[in-house]
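Contents: one structure, followed by commentary.
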Amino acid sequence: MDNTLEQEIRAALKDSHLSCAIAWEIAKKHRINRLSMGEAVDMLGVRIVDCQLGCFGVRKATHGDLVNVKLNASLAQEIQRSLSDDGILHCAIACKIAQRAGVTPKEVGDAATLMHVHIGNCQLGCF
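If you read the sequence shown in our numbering, its first letter stands for residue 132, the second for the next number, and so on.
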């Protein structure tokens, strides 16, 4: 691992953890793919937190947390159309949906949670 990459990862830690969004930024800055970034973080024994889709973090949204959240029908349709053959919404696809729909990745993650859709294939390799 490049020494400057390691230094930047360590400098970005908050409470000994690295946020998903910061990991993406560091990967982009160092021109490495996100999976390689996840591997570098693993090598340092650092835990990635605060998934932009809400899949993991200090506290993950649960179905009960979303009781009063209304599911956007067009977003739900886009998610349904984008599922893999095994019914999983891939992280990269979820992020593209958010960008196209003009919503945050977390809103896509919450919609997937409401739909009981599993999100998989994390771009950082976390899940």
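Ideal Cβ placement from N, Cα and C applies to all residues, glycine included.
Under the 10 Å beta carbon count, residue 158 is surrounded by 16 or more other beta carbons and is classified as buried. In the structure shown, residue 167 adopts helical secondary structure according to DSSP, grouped into three states. With fewer than three CB-CB distances shorter than 8 Å, the stretch 167-184 does not count as touching the stretch 201-211. If you look at residue 251, you'll find it in the beta strand (DSSP E) that goes 249-251. It is roughly 33 Å from the alpha-carbon of residue 207 to the alpha-carbon of residue 173.
Cβ-Cβ separation between residue 246 and residue 210: approximately 6 Å, consistent with a contact (criterion under 8 Å).
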